[in-house]
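Start counting the sequence shown at 34; every next residue gets the next number (our numbering).
No residue lacks a Cβ here, since even glycine has one placed at the ideal position from N, Cα and C.
Below: the structure, in structure tokens.
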Amino acid sequence: MNETTPLIEEIRILRNLTVNSFSALRADLLSTNSFDEQMLNQINNVIYKIKSRCDSLKVFLQTVPNGDSTDGAIALAESIISHTTMLNSYLESSSVANEAAEFEHIFDDFFSELIRVFEEEKPPIYSQTKKASMRLASQFKKVMPSPIAFFFSVKSAHFFSSRIEIHHQDALTKIVREISFPPEYQQAGLSILNYFSVILNDKYPDTPVTVSIQQAKDKVTLIVTLPDGSVDKISKELNDYGLVITGKISPLEFAGSELKALALQQKLELAQLEVRQTRDLLRLQEQYSDKRINSLELEIKNLYSIIGRELTSKDALQEALIHLATQMSTGYMSEQATTLLQSLASAIGEQNTERTRIILDDIRTSQPGLFSQLNDFFLQAATSGVIGNYVYEWLKAIWPILPK
34 MNETTPLIEE
44 IRILRNLTVN
54 SFSALRADLL
64 STNSFDEQML
74 NQINNVIYKI
84 KSRCDSLKVF
94 LQTVPNGDST
104 DGAIALAESI
114 ISHTTMLNSY
124 LESSSVANEA
134 AEFEHIFDDF
144 FSELIRVFEE
154 EKPPIYSQTK
164 KASMRLASQF
174 KKVMPSPIAF
184 FFSVKSAHFF
194 SSRIEIHHQD
204 ALTKIVREIS
214 FPPEYQQAGL
224 SILNYFSVIL
234 NDKYPDTPVT
244 VSIQQAKDKV
254 TLIVTLPDGS
264 VDKISKELND
274 YGLVITGKIS
284 PLEFAGSELK
294 ALALQQKLEL
304 AQLEVRQTRD
314 LLRLQEQYSD
324 KRINSLELEI
334 KNLYSIIGRE
344 LTSKDALQEA
354 LIHLATQMST
364 GYMSEQATTL
374 LQSLASAIGE
384 QNTERTRIIL
394 DDIRTSQPGL
404 FSQLNDFFLQ
414 AATSGVIGNY
424 VYEWLKAIWP
434 ILPK
């Protein structure tokens, strides 16, 4: 890797403590009976994935200028950290974990020295820490059996992985929602989305929030920019706004005052008028005959459903994915499955293509049963309205094996 940043240097340390340690101890690990065949296969698979992700990150940084903070690099780094956690979980569940207890005091001495070196160095350069992490497995091997040496090397890697902070630059400053509107709903839909800026100005007059609308044919993109990074707070407001539109909470519950609730209610009633006017114009142009809906009430319900589903889908999707993790995961995989599904929900909510693709691939290779369930889950989520149709079409574009 040509570029040097704290993130890249810490990833190098993880590689030393996992991939390089495994290579140094591989012959001894294979010749002992400390790990059964299934566990060795699992370890091999995770080590291969960490190595391949590290290699991909190296190539990526060599070919993309200033690529260390891009979606691609961050997604690869997240995957390496995730697989380090997975590897540690495998070893913690093995019989070696019990055998390692009597060597814990030796590990503590070596590990304390490694941490001392790490904390004395100034980021982004960790040259001494990298050297020390490269030697650690060989040092362990001199005073303990190789399986236990590998166990403690991975335990050290897990400690470093838990300290690495991943910052998604766009996620810290933007909320993006994309909605596809049929022609009869476009004007009213635009009006309802634009009104969200009025609500934010009323609720948070001192928060520097910018709301913009971009339109391309039938697709409308709502972009909320937050220089102060208050994404969680504003994201909840957007979710609740969607609940108001779909009638799941009242304007008064959302607005907090009768005056603001009345203004919001009037805005929704104006949207009904815009739908009726647009419908009549389309009828006059004879472009609406095949898609005509006779009930204005049904048309309004459809419009509100489209907007509400897209505005609230991120939270609903995350809850559904976590519920799926609880149902599917058992034993030492539970925490890892939950972590992967949380990351997946976040990546889909941000519509981060590279991050979503990598996380899906990680789930496919590490938990094939869960991945198989996800294929059906996404189709059901799109059908039931947990995720909007636009999100599902986007998912199919980056992961073509999803059901059509």
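Return the residue from the list the options that minimises the CA-CA distance to residue i.
i, options, result
"E42", "I212, P241, K155, E211", "K155"
"T371", "H191, L403, L169, E137", "L403"
"E219", "P178, L336, K281, P238", "The residue you asked about is not Glu; residue 219 is Gln in the sequence shown. Nearest of P178, L336, K281, P238 to Q219, Cα basis: L336."
"V129", "R196, S89, M72, F93", "M72"
"T117", "D141, S171, F55", "F55"
"E302", "E125, A221, G105, K429", "A221"
"P157", "S268, N234, P39, Q305", "P39"
"L354", "I396, A249, I339", "I396"
"S405", "F193, A249, V176, I434", "I434"
"S115", "V176, D394, L407, N74", "D394"
"N74", "R59, F151, R86", "R59"
"F136", "S126, Q161, M177, M119", "M177"
"L233", "E352, P401, D273", "D273"
"I431", "S399, I381, T398", "I381"
"E125", "N53, I76, Y159, K91", "I76"
"F192", "W427, P401, I44", "I44"
"L300", "L314, N227, L350, E352", "As written in the sequence, residue 300 is Lys, which differs from the Leu given in the question. Answer by Cα proximity: N227."
"I282", "G341, D69, N53", "G341"
"E70", "S127, D313, L314, N408", "S127"
Taking the alpha-carbon positions, what's the residue i to residue j distance?
i, j, result
"I148", "F173", "16 Å"
"L374", "N385", "15 Å"
"K33", "L47", "Summary: the structure shown does not reach residue 33, with the chain confined to residues 34 through 437, and so no result is reported for it."
"A288", "E387", "37 Å"
"Y123", "S379", "25 Å"
"V244", "L297", "17 Å"
"T96", "I212", "34 Å"
"S195", "E291", "47 Å"
"V257", "D239", "15 Å"
"Q413", "L271", "24 Å"
"T103", "F144", "32 Å"
"L285", "V277", "9 Å"
"S186", "K429", "39 Å"
"Y425", "L169", "46 Å"
"Y365", "I391", "Per-residue confidence for Y365 stands at a pLDDT of 47, beneath the threshold of 50, marking its modelled position as unreliable; the derived number appears in the next sentence. Roughly 22 Å separates the two Cα atoms."
"Y237", "K269", "13 Å"
"S89", "I80", "14 Å"
"F93", "G105", "8 Å"
"F151", "N49", "14 Å"
"E132", "H138", "13 Å"
"E146", "T398", "35 Å"
"Q161", "E153", "10 Å"
"Y159", "N53", "17 Å"
"W427", "L295", "37 Å"
"L314", "N408", "41 Å"
"Q400", "D142", "36 Å"
"K175", "E352", "48 Å"
"K91", "S85", "10 Å"
"M119", "L350", "24 Å"
Report, in whole angstroms, the separation of the C-beta atoms of residue i and residue j, which I expect to be a contact under 8 Å.
i, j, result
"N121", "K188", "6 Å"
"I113", "I83", "6 Å"
"L259", "V231", "Their Cβ separation, rounded to whole angstroms, is 17 Å, which puts L259 and V231 out of contact at 8 Å."
"F214", "V253", "6 Å"
"T311", "E217", "5 Å"
"L62", "F183", "6 Å"
"A110", "I199", "6 Å"
"G275", "L344", "3 Å"
Answer yes or no: do residue i and residue j have a C-beta to C-beta separation smaller than 8 Å?
i, j, result
"L255", "R309", "no"
"A57", "S171", "yes"
"E307", "S376", "no"
"S64", "P180", "no"
"I208", "I246", "no"
"A190", "T416", "no"
"K293", "D235", "yes"
"Q305", "I333", "yes"
"L357", "F411", "no"
Is residue i near the ligand FAD, with its Cβ less than 7 Å from a heavy atom?
i, result
"N131", "Inclusion of the ligand FAD in the displayed structure is not the case, the ligand content being empty and no account of it being possible."
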